[in-house]
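Trainee: Residue numbers (UniProt numbering): 13 to 342.
Note that the Cβ used here is the ideal one computed from N, Cα and C, for glycine as well.
Bear in mind the structure is a predicted one, so any value in this text is a computation, not a measurement.
This is the structure I want to talk about, given as structure tokens.
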Ligand code: ATP
Ligand code: MG
């Protein structure tokens, strides 16, 4: 079985619809076809301001939500990144093989550093830690949203560069991006992606939001001038984003939706979509809550996952160390 690895940051109290439609949906599906490793990347979450207590809580919520959307610990390895020490160890080695200019071209760094007052070196080297996450498990495929394509390219370049210089150790990973979804945009600022750490509450549908809040957010989503419900991301980014959400959640083609709503206004369309999204999120929130009710069991699942992940990661890192001329870690 080919192997898959992906991660998600515990940077908020909930994941959002963009995370689900752009990535998590694929995580769940790939469990059937791949040897899957999924991690809550808490080391990445400290690249922006963070509160230790909150991070600990959010890592648990993140894990509970992954179980709630359908990650099955009997079939997949689910773990929290900080429990496996090899991630930052490999990251350092990869940093020493990354050009400064190469890292400087990453658009996520440019976006996030423009928005934050405090810009850390960690925010700059973030994509290299991400490469370490992936390469440690010699993953063949990485299911991510469109916003991560550039980082995946860097992981591929680093894998190839290392293999060429020292001999074959790493698998060169492929990005698995759901074309039809690409990126879910912010509901109030459809020019920007929906984001855990950058979106305002009104712009983001959290999977754990209560149904009324979800309905309200959909109904007040920014739509565009005119009243036609057509897919035209350039001129009608707001409506197009809602069409993408509607289409992905109901597995109905955009074309069929355009026909169905040809004689309706934005109001009817949003009212229907509000129900669909609320109905989709409610059971996820419920299941998340029940996983969080038994944190002992949750922590047990995560420890078992970390142990499994660690045995793979340690094996890869030992090979890397030998190639580098280091002594093996004790
Ligand atoms: P942050 O704002 O803290 O970076 P995020 O919302 O971007 O949070 P991440 O944890 O960085 O979420 O990414 C988790 C996964 O979700 C990645 O695979 C990413 O590509 C995907 N993703 C994030 N936002 C979207 C979006 N708006 N549409 C589709 N996929 C997304
Ligand atoms: Mg992100």
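Along the chain, where does the alpha helix (DSSP H) containing residue 241 start, and where does it finish?
Mentor: Segment: none, residue 241 is in no alpha helix (DSSP H) and carries neither H nor E.
Trainee: Assign residue 177 to one of two classes, buried (16 or more other C-beta atoms within 10 Å of its C-beta) or exposed (fewer than that).
Mentor: exposed
Trainee: To the nearest whole angstrom, what separates the beta carbons of residue 310 and residue 72, a pair I think is in contact under 8 Å?
Mentor: Correct: roughly 6 Å between the Cβ atoms.
Trainee: Identify which residue in 194, 205, 236, 180 has its Cα closest to the Cα of residue 335.
Mentor: Selected option, being the one with the closest Cα: 180.
Trainee: Which runs of the beta strand (DSSP E) spanning at least 3 residues fall entirely within the stretch 62 to 134, listed in chain order?
Mentor: Every unbroken stretch of the beta strand (DSSP E) spanning 3 or more residues and falling wholly within the stretch 62 to 134 is given here in chain order: 88 to 92.
Trainee: So, for residue 325: in the same chain, excluding its five sequence neighbours on each side, which residues have a beta-carbon less than 6 Å away from its beta-carbon?
Mentor: If we look at residue 325 and ignore the five residues flanking it on each side, its Cβ neighbours are 96, 98, 148.
Trainee: Within this structure, are the beta carbons of residue 174 and residue 321 separated by less than 9 Å?
Mentor: no
Trainee: Let me have the residue list for the ligand ATP: C-beta closer than 5 Å to any non-hydrogen atom, ordered along the chain.
Mentor: The set of residues with CB atoms less than 5 Å from any heavy atom of the ligand ATP reads, in chain order, 20, 21, 23, 30, 31, 34, 35, 156, 157, 159, 160, 195, 196, 205, 206, 207, 208, 209.
Trainee: Select from 185, 80, 34 the residue whose C-alpha is nearest the C-alpha of residue 158.
Mentor: 34
Trainee: Going straight from the alpha carbon of residue 224 to that of residue 290, what length do you get?
Mentor: 8 Å
Trainee: Is it right to say residue 307 is buried, meaning 16 or more other beta carbons lie within 10 angstroms of its own, or is it exposed?
Mentor: exposed
Trainee: Evaluate contact between the stretch 77 to 92 and the stretch 37 to 49, counting only Cβ atoms and requiring at least three cross-stretch pairs below 8 Å.
Mentor: yes
Trainee: Going by C-alpha distance, which of 156, 50, 163 is nearest residue 138?
Mentor: Minimum Cα distance to residue 138 is reached at 163.
Trainee: Once the 5 residues before and after residue 230 are set aside, which same chain residues still bring their CB inside 7 Å of it?
Mentor: 282, 285, 286, 289
Trainee: Could you tell me whether the stretch 56 to 70 touches the stretch 124 to 135, where touching means 3 or more Cβ pairs closer than 8 Å?
Mentor: yes
Trainee: Do you know how far the Cα of residue 80 is from the Cα of residue 300?
Mentor: 5 Å
Trainee: Comparing the CB of residue 120 with every heavy atom of the ligand MG, is any distance shorter than 8 Å?
Mentor: A heavy atom of the ligand MG is found nearer than 8 Å to the CB of residue 120.
Trainee: Assuming residue 151 and residue 16 make a contact with CB atoms under 8 Å, what is their CB distance in whole Å?
Mentor: 6 Å
Trainee: What residue from 265, 248, 294, 121 has the CA that sits closest to residue 278's CA?
Mentor: 248
Trainee: Which residue from 55, 234, 268 puts its Cα closest to that of residue 253?
Mentor: 234
Trainee: Check whether the Cβ atoms of residue 107 and residue 166 lie closer than 9 Å to each other.
Mentor: No.
Trainee: Quick check on this structure: which residue in 332, 238, 271 has the alpha carbon closest to the alpha carbon of residue 183?
Mentor: Restricting attention to 332, 238, 271, the CA atom closest to the CA of residue 183 is found in 332.
Trainee: Could you check if residue 198 is buried or exposed, using at least 16 other CB atoms within 10 Å of its CB as the buried criterion?
Mentor: buried
Trainee: Please name the residue, chosen from 337, 208, 338, that lies closest to residue 20 on a Cα-to-Cα basis.
Mentor: Of 337, 208, 338, the residue nearest in Cα terms is 208.
Trainee: Taking 9 Å as the threshold (C-beta atoms), are residue 77 and residue 26 in contact?
Mentor: yes
Trainee: In its own chain, which residues sit with a C-beta less than 6 Å from the C-beta of residue 22, not counting the 5 before and 5 after it?
Mentor: 52, 54, 57, 70, 71, 74
Trainee: Tell me the rounded alpha-carbon separation between residue 37 and residue 31.
Mentor: 8 Å
Trainee: Ignore the nearest five residues each way along the sequence and tell me which others in residue 109's own chain have a CB closer than 7 Å to its CB.
Mentor: 170, 173, 174
Trainee: Measuring CB to CB, does residue 251 end up less than 9 Å from residue 275?
Mentor: No; because the gap between Cβ atoms is not below 9 Å, this pair is not in contact.
Trainee: First and last residue of the beta strand (DSSP E) that includes residue 423?
Mentor: Look at the range of the chain in this structure, 13 to 342, and you will see that residue 423 is not part of it.
Trainee: Between residue 102 and residue 261, how many whole angstroms is the CB-CB distance? I'm expecting something under 8 Å.
Mentor: Between residue 261 and residue 102 the Cβ distance is about 37 Å, and since that is not below 8 Å, they are no contact.
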